[in-house]
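Visitor:
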Amino acid sequence: MPLPSKQIVGWLMNVLLGGVACTPELPPSANHDEPVSSSMLWSVRLPGNAGIYNEGMIGLPVVNNKVLFHSTIFTDHTGEDNRLHALDVESGSILWTFPSQFHADEPYYFDGKPYLYQSRLVTKMSAFSPYSGNDRILILDLNEGQKLDLIDMPPAVSRFSCRDVAGKGSNAWFVQEDEHASYVYKLNIATGDTARIVRLAPSHPSGRLEVTTRELQLYEIDGKLFLLLGVADYAPARTELRMVLVNAETGSIGYQKTVGRDYNLNVNYAVLRNSMIYYTCGRSAGCIDLEKDRLRWQYFPQVPMDDMKPGLLVQDSVVFLWGHRTCAALGAGSGRLLYERQIECANASGSTPYLFVVTHCGEAVVLDQYTGNIVRTFSTSPGREKNGFSTGCKPGIKDKKLFLFGLHNAYCFTF
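The numbering of the sequence shown is this note's numbering, which starts it at 22 and goes up by one.
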């Protein structure tokens, strides 16, 4: 189906983060342990005839002993059925499916990280042509799998932008975009009321400003809530990239810093830890010291463009970078390279002291975050999944359980 141009760019980035088949290589060390295959607790064939694909509702959220498995786009125009399923964490049995029935005049599109508040889930569904011409915010009751609210955003501010919802307590925030500027909205989950708190405008009258970070992050600094955004300020003669902290209550700019650009690429990911902003842009990664208002370090390997590592995780003293050819770890304080591994990473998440990676060959491996050694491996049941785990699957981690999915099956492993 036709997609907005920025959405095509997003899908191309998915290709860079998830591409060809691979075989993960063990690090060149004589002292590492052999990888151990971990036990599968359950696997479930999900209902439907189209299979899970793309990214879906990122993070495989776990709440009230349920884990949510899902797909992305579904209508009934071509007979596909990729609905949202809540599975019992211990047994894998399907507890409910949302919606119980569906039709073309209410299509759904799950493609971002949701916010969980008590028994409610808030997620943004981006516009997708020709089935939906505007972004919508869905509030879902997780106890019964019932829709509580569906908020339509104006088509004029529904250009493809950051897909996540961030939240604190009964409030949630999300980003919208029009042809010239970006906007931050605040949502009262209990009432469904939304309010625009800030318009992020370009510096040039004929320019354009867009939020480029793929994840929306909310942080508390000195008792105040801030959203961390990477923005691209396009002007006729130049493009400036900035890291911005937006006060989530007032919309005021609490901090901003210009960062360097690699070729014509924008900031991909950004994380705030211990008064440091870590970010990736093309082949480069950097660290901004908020207290000293300076760039603490920049990592810029002279590698081909197809070896860039835009994926970013920060755990303890380790900054983990991953891309479609290799992954690497840097010291969080110095930016010094700790290790690099020839693992073609399609997706990754972490839980100290481990890094969980889905590879392009459809396998999942667990790395020691400090050494890069592979300590666990996971694979699908023989014959159940032709292509292994989906490369769009960001591993879900909860209470020593790992949740993954393939095209048609949901999986739970213990580790």
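Glycine is no exception: its CB is placed at the ideal position from the N, C-alpha and C atoms. Quick caveat: nothing in here was measured; it's all calculated off a predicted structure.
#1: Could you give the first and the last residue of the continuous beta strand (DSSP E) run that contains S372?
#2: Under 8 Å between the Cβ atoms of N155 and S140?
#3: Less than 7 Å between C-beta atoms, sequence neighbours within five positions excluded: which residues of the same chain meet that for A42?
#4: By Cβ distance, which residues of its chain are closer than 7 Å to Q28, with the 5 residues on each side in sequence left out?
#5: Give the list of continuous alpha helix (DSSP H) stretches no shorter than 4 residues that lie fully inside the region 248-319.
#6: Would you report the Cα separation of E406 and G427, rounded to the nearest angstrom?
#7: Counting Cβ pairs closer than 8 Å, one from the region 418-432 and one from the region 389-396, do we hit at least three?
#8: Just the Cα atoms here: how many angstroms apart are S50 and D283?
#9: For A177, which residues from the same chain have a beta carbon less than 6 Å from its beta carbon, with the 5 sequence-adjacent residues on both sides left out?
#10: Among the residues of its own chain, which have a CB less than 6 Å from the CB of P45, if the five just before and after it don't count?
#11: Just to confirm before moving on: does the CB-CB distance between R346 and Y290 stay below 8 Å?
#12: Do I210 and Y138 have their beta-carbon atoms positioned less than 8 Å apart in this structure?
#13: To the nearest whole angstrom, what separates the beta carbons of R362 and C348, a pair I think is in contact under 8 Å?
#14: With DSSP collapsed to three states, give me the class of V65.
#15: For S355, tell me which candidate among D162, R317, P325, M61 has the shortest Cα-Cα distance.
#16: Where does G332 land, buried or exposed, given buried means 16+ other C-beta within 10 angstroms?
#17: From which residue to which residue does the beta strand (DSSP E) around G188 run?
#18: Tell me A349's beta-bridge partners as DSSP assigns them.
#19: With distance defined between alpha-carbon atoms, name the residue in K245, Y300, I172, Q323 nearest to L262.
#20: DSSP state of V84, grouped into three classes?
#21: Can you find the residues in the same chain that come closer than 8 Å, C-beta to C-beta, to P175, ignoring five residues on each side of it along the sequence?
#22: Taking DSSP as the reference, what is the three-state secondary structure of M326?
#23: What does DSSP give as the partner residues of E483 in its beta bridges?
#24: Mind checking which residues open and close the beta strand (DSSP E) that includes V396?
#25: Who are the near neighbours of V30 in its chain, counting only those whose CB is closer than 6 Å to its CB and skipping five residues on each side?
#26: Leaving aside the five residues before and after N408 along the sequence, list all residues of the same chain whose C-beta is less than 8 Å from its C-beta, in chain order.
#27: Which of the three DSSP states, helix, strand or coil, is assigned to A202?
#28: What's the C-alpha gap between A269 and C302?
#29: Would you say T373 and V288 are within 8 Å of each other, going by their C-beta atoms?
#30: Which residues in the same chain as R229 place their Cβ atom closer than 6 Å to its Cβ, once the five residues preceding and following it in sequence are excluded?
#31: Report all residues from its chain with a CB closer than 7 Å to the CB of G352; omit the five preceding and five following residues, and keep chain order.
#32: Just how far apart, CA to CA, sit V340 and L105?
#33: Buried or exposed: M326, going by 16 or more other Cβ atoms within 10 Å of its Cβ?
#34: Can you tell me whether E111 is buried or exposed? The criterion is at least 16 other CB atoms within 10 Å of its CB, across all chains shown.
#35: State the beta-bridge partners of R229 as determined by DSSP.
#36: Indicate whether K419 and V143 have their beta-carbon atoms separated by less than 8 Å.
Guide: Quick look at the numbers:
#1: Here residue 372 corresponds to residue number 351 of the sequence shown, with the count starting at 1. Counting along the chain, the beta strand (DSSP E) containing S372 begins and ends at 366-372.
#2: Locating residue 155 in the sequence shown gives position 134, counting from the first residue. Locating residue 140 in the sequence shown gives position 119, counting from the first residue. Cβ distance not < 8 Å, so N155 and S140 don't count as in contact.
#3: Numbered from its first residue, the sequence shown carries residue 42 at position 21. The predicted position of A42 is uncertain, since its pLDDT is 38 and thus under 50; a value taken from the coordinates is nonetheless stated next. Result list for A42: H381, C382, in chain order.
#4: Stepping through the sequence shown from its first residue, residue 28 is reached at position 7. In this predicted model, Q28 has a pLDDT of only 43, less than 50, meaning its place in the structure is not dependable; the value taken from the coordinates is given anyway. By the criterion of a C-beta distance shorter than 7 Å, Q28 is surrounded in its chain by F181, once the five residues flanking it on both sides are discounted.
#5: If only complete runs of 4 or more residues are kept, the region 248-319 shows no alpha helix (DSSP H) anywhere.
#6: In the sequence shown, counting from the first residue as 1, residue 406 sits at position 385. In the sequence shown, counting from the first residue as 1, residue 427 sits at position 406. G427 has its alpha-carbon roughly 6 Å from the corresponding atom of E406.
#7: When Cβ pairs closer than 8 Å are counted between the two stretches, the region 418-432 is seen not to touch the region 389-396, the count staying below three.
#8: For the purposes of this step, residue 50 is taken as the residue at position 29 of the sequence shown. For the purposes of this step, residue 283 is taken as the residue at position 262 of the sequence shown. Note that S50 scores a pLDDT of 33, beneath 50, so its modelled location is shaky; the value from the coordinates is reported in the next line. The alpha-carbon atoms of S50 and D283 are separated by roughly 33 Å.
#9: Stepping through the sequence shown from its first residue, residue 177 is reached at position 156. Excluding residues within five positions, the ones whose Cβ falls inside 6 Å are D199.
#10: As a first step, residue 45 must be located in the sequence shown, where it is residue number 24. In this predicted model, P45 has a pLDDT of only 39, less than 50, meaning its place in the structure is not dependable; the value taken from the coordinates is given anyway. The answer, listed in chain order, is I364, T380, V386.
#11: On the sequence shown, residue 346 is found 325 positions in, with the first residue counted as 1. On the sequence shown, residue 290 is found 269 positions in, with the first residue counted as 1. Y290 is positioned such that its CB atom lies no closer than 8 Å to that of R346.
#12: Locating residue 138 in the sequence shown gives position 117, where the first residue counts as 1. Locating residue 210 in the sequence shown gives position 189, where the first residue counts as 1. In contact: Y138 and I210 (Cβ atoms closer than 8 Å).
#13: Along the sequence shown, read from residue 1 onward, the residue named residue 362 stands at position 341. Along the sequence shown, read from residue 1 onward, the residue named residue 348 stands at position 327. The beta carbons of R362 and C348 sit about 5 Å from each other, so the pair counts as a contact at 8 Å.
#14: Numbered from its first residue, the sequence shown carries residue 65 at position 44. Residue state, collapsed to three classes: strand.
#15: Reading the sequence shown from its first residue, position 334 is the one you call residue 355. Closest option to S355, Cα to Cα, is R317.
#16: As a first step, residue 332 is located in the sequence shown; it is residue number 311 there, counting from the start. So G332 ends up on the buried side.
#17: Walking along the sequence shown from the start, residue 188 turns up at place 167. Segment 187-189, the beta strand (DSSP E) holding G188.
#18: What you label residue 349 is simply residue 328 of the sequence shown in a count that begins at 1. L342, E361.
#19: Here residue 262 corresponds to residue number 241 of the sequence shown, with the count starting at 1. Cα-wise, what sits closest to L262 is Y300.
#20: Locating residue 84 in the sequence shown gives position 63, counting from the first residue. Note: V84 maps to strand in three-state DSSP.
#21: On the sequence shown, residue 175 is found 154 positions in, with the first residue counted as 1. Cβ within range, chain order: N155.
#22: Counting from one through the sequence shown, the residue named residue 326 turns up at place 305. If DSSP states are grouped into helix, strand and coil, M326 belongs with the helices.
#23: No information on residue 483 is available, as it lies outside the stretch 22 to 436 that the chain covers here.
#24: Position 375 of the sequence shown, counting from 1, holds the residue named residue 396. Here the beta strand (DSSP E) through V396 covers 395-399.
#25: Taking the first residue of the sequence shown as position 1, residue 30 is located at position 9. For V30, the predicted model reports a pLDDT of 41, less than 50, meaning its position is unreliable; a value from the coordinates is still stated below. Non-local beta-carbon contacts of V30 in its own chain, meaning distances under 6 Å to residues more than five positions away in sequence, are absent.
#26: Numbered from 1 along the sequence shown, position 387 holds the residue referred to as residue 408. Result list for N408: G383, G427, L428, in chain order.
#27: Taking the first residue of the sequence shown as 1, we reach residue 202 at position 181. Here A202 sits in coil by DSSP.
#28: The residue you call residue 269 lines up with position 248 of the sequence shown. The residue you call residue 302 lines up with position 281 of the sequence shown. Each residue's Cα considered, the two are about 25 Å apart.
#29: The sequence position of residue 373 within the sequence shown is 352, counting from 1. The sequence position of residue 288 within the sequence shown is 267, counting from 1. For T373 and V288, no; Cβs fall outside 8 Å.
#30: Locating residue 229 in the sequence shown gives position 208, counting from the first residue. Answer for R229: H201, P223, Y255, listed in chain order.
#31: Working through the sequence shown from its first residue, we reach residue 352 at position 331. For G352, where only same-chain residues beyond five positions count, the Cβ hits under 7 Å are S338, L359.
#32: Walking along the sequence shown from the start, residue 340 turns up at place 319. Walking along the sequence shown from the start, residue 105 turns up at place 84. C-alpha separation (whole angstroms): 33 Å.
#33: Within the sequence shown, the letter at position 305 stands for residue 326. Exposed.
#34: Counting from 1 along the sequence shown, the entry for residue 111 is found at position 90. E111 should be labelled exposed.
#35: Counted from its first residue, the sequence shown places residue 229 at position 208. In the DSSP output, where bridge partners are listed per residue, R229 has Y255.
#36: For the purposes of this step, residue 419 is taken as the residue at position 398 of the sequence shown. For the purposes of this step, residue 143 is taken as the residue at position 122 of the sequence shown. Taking 8 Å as the cut-off, the beta carbon of K419 is found no closer than this to the beta carbon of V143.
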